[in-house]
Amino acid sequence: MMEENSREHLDTDNEMGGEDALVGNVNKLMVTPPGYTGPPKKGHIVFDACIESGNLGRVDYISEFEFDLFIRPDTCNPRFRVWFNFTVENVRETQRVIFNIVNFSKTKSLYRDGMSPVVKSTSRPKWQRLPAKNVYYYRCPDHRRNYVMSFAFCFDREDDVYQFSYCYPYTYSRLQHYLASLERRNLDYLQREQLGLSVVLDHSQCIQSCLALIK
2 MMEENSREHL
12 DTDNEMGGED
22 ALVGNVNKLM
32 VTPPGYTGPP
42 KKGHIVFDAC
52 IESGNLGRVD
62 YISEFEFDLF
72 IRPDTCNPRF
82 RVWFNFTVEN
92 VRETQRVIFN
102 IVNFSKTKSL
112 YRDGMSPVVK
122 STSRPKWQRL
132 PAKNVYYYRC
142 PDHRRNYVMS
152 FAFCFDREDD
162 VYQFSYCYPY
172 TYSRLQHYLA
182 SLERRNLDYL
192 QREQLGLSVV
202 LDHSQCIQSC
212 LALIK
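Numbering of the sequence shown is given in this note's numbering, commencing with residue 2 and proceeding in unit increments.
Structure follows, in structure tokens:
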């Protein structure tokens, strides 16, 4: 499976991350050069966002060293695209790449003031920030002068799966773990109760809230 669109043929609605353009996350998407028909090779990067809080919806091959990435909007908020979280694998040792997040919805970002994305891998599971000197937030003439965030990275371990994120992810599972730890403390001023059921997946997915009742 491969995305073959070039920058010259990007659709305007797709460029802005419209809901119709980005339906679902990429799932083990191997991106190869246009026209390539041979067997997969190391360095043909496999993108995946089918992880908790993943939101990568599309990948465009620009060159062997550069990829345009389109993030999906938040649920029920199609106008907002302000973060990202995805993994890559099947990389080549010493392979250098530039990832461009091309459809952010904000013109201002902390990336302009020195913040940088975080990365971890299977052999180094602790999040680390990328060097700020490798991160750029700028108006891009190739994308209707919209703001683009680009970051450069050099892979050093071929067998690792690398995960990149806007900042330290705070997932639903982590929230539930924290709320459960509060419940176990049997605090007099805290009560947790179900508010409703999710309609996104199934009725077993409960929306819950932690209510602090101070006496």
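Heads up, the beta-carbon is just placed ideally off N, CA and C, and yes, glycines get one too.
This one's a predicted model, so the numbers in the text were calculated from it and none came from an experiment.
Through-space distance from residue j to residue i, alpha-carbon basis
{"i": "residue 197", "j": "residue 96", "result": "47 Å"}
{"i": "residue 160", "j": "residue 188", "result": "46 Å"}
{"i": "residue 76", "j": "residue 86", "result": "15 Å"}
{"i": "residue 110", "j": "residue 138", "result": "8 Å"}
{"i": "residue 150", "j": "residue 80", "result": "18 Å"}
{"i": "residue 5", "j": "residue 58", "result": "Note that residue 5 scores 38 on pLDDT, short of 50, meaning its location in the model is unreliable; the coordinates nonetheless yield the value given after this. Residue 5 and residue 58: Cα-Cα distance of roughly 15 Å."}
{"i": "residue 74", "j": "residue 132", "result": "27 Å"}
{"i": "residue 92", "j": "residue 145", "result": "31 Å"}
{"i": "residue 118", "j": "residue 135", "result": "10 Å"}
{"i": "residue 193", "j": "residue 70", "result": "39 Å"}
{"i": "residue 162", "j": "residue 182", "result": "30 Å"}
{"i": "residue 40", "j": "residue 186", "result": "55 Å"}
{"i": "residue 78", "j": "residue 56", "result": "13 Å"}
{"i": "residue 108", "j": "residue 172", "result": "25 Å"}
{"i": "residue 24", "j": "residue 143", "result": "24 Å"}
{"i": "residue 43", "j": "residue 31", "result": "11 Å"}
{"i": "residue 37", "j": "residue 195", "result": "52 Å"}
Among the options, the one whose alpha carbon lies nearest that of residue i
{"i": "residue 48", "options": "26, 137, 191, 126", "result": "26"}
{"i": "residue 45", "options": "181, 121, 156", "result": "156"}
{"i": "residue 50", "options": "144, 104, 168, 72", "result": "72"}
{"i": "residue 61", "options": "164, 147, 104", "result": "104"}
{"i": "residue 82", "options": "148, 37, 184, 127", "result": "148"}
{"i": "residue 154", "options": "84, 52, 99, 184", "result": "99"}
{"i": "residue 64", "options": "33, 56, 164", "result": "33"}
{"i": "residue 35", "options": "90, 162, 68", "result": "68"}
{"i": "residue 106", "options": "140, 29, 163", "result": "140"}
{"i": "residue 102", "options": "167, 66, 129, 128", "result": "167"}
{"i": "residue 120", "options": "89, 143, 108, 142", "result": "89"}
{"i": "residue 124", "options": "173, 164, 191", "result": "164"}
{"i": "residue 66", "options": "142, 52, 152", "result": "152"}
{"i": "residue 158", "options": "190, 191, 126, 94", "result": "94"}
Neighbourhood of residue i by C-beta, 7 Å cutoff - its chain only, sequence neighbours within 5 removed
{"i": "residue 170", "result": "54, 86"}
{"i": "residue 184", "result": "193"}
According to DSSP, residues forming a beta bridge with residue i
{"i": "residue 252", "result": "In the structure as shown, the chain starts at 2 and stops at 216, and residue 252 therefore has no counterpart that could be examined."}
{"i": "residue 36", "result": "Bridge partners of residue 36: none, in fact."}
{"i": "residue 171", "result": "The partner list for residue 171 (beta bridge, DSSP) is empty, contrary to what the question assumes."}
Heavy atom of the ligand ZN within 8 Å of residue i beta-carbon
{"i": "residue 107", "result": "The ligand ZN is not among the ligands present in this structure, which contains no ligands whatsoever."}
Nonlocal neighbours in the same chain, by C-beta distance under 8 Å from residue i, ignoring five residues either side
{"i": "residue 128", "result": "119, 120, 121, 166, 169"}
Residues near residue i in its chain [Cβ-Cβ closer than 6 Å; skip 5 each side]
{"i": "residue 130", "result": "117, 119"}
{"i": "residue 52", "result": "none"}
Check your understanding: With a cut-off of 8 Å, do at least 3 Cβ pairs link the segment 172 to 182 to the segment 112 to 119?
Key -> no
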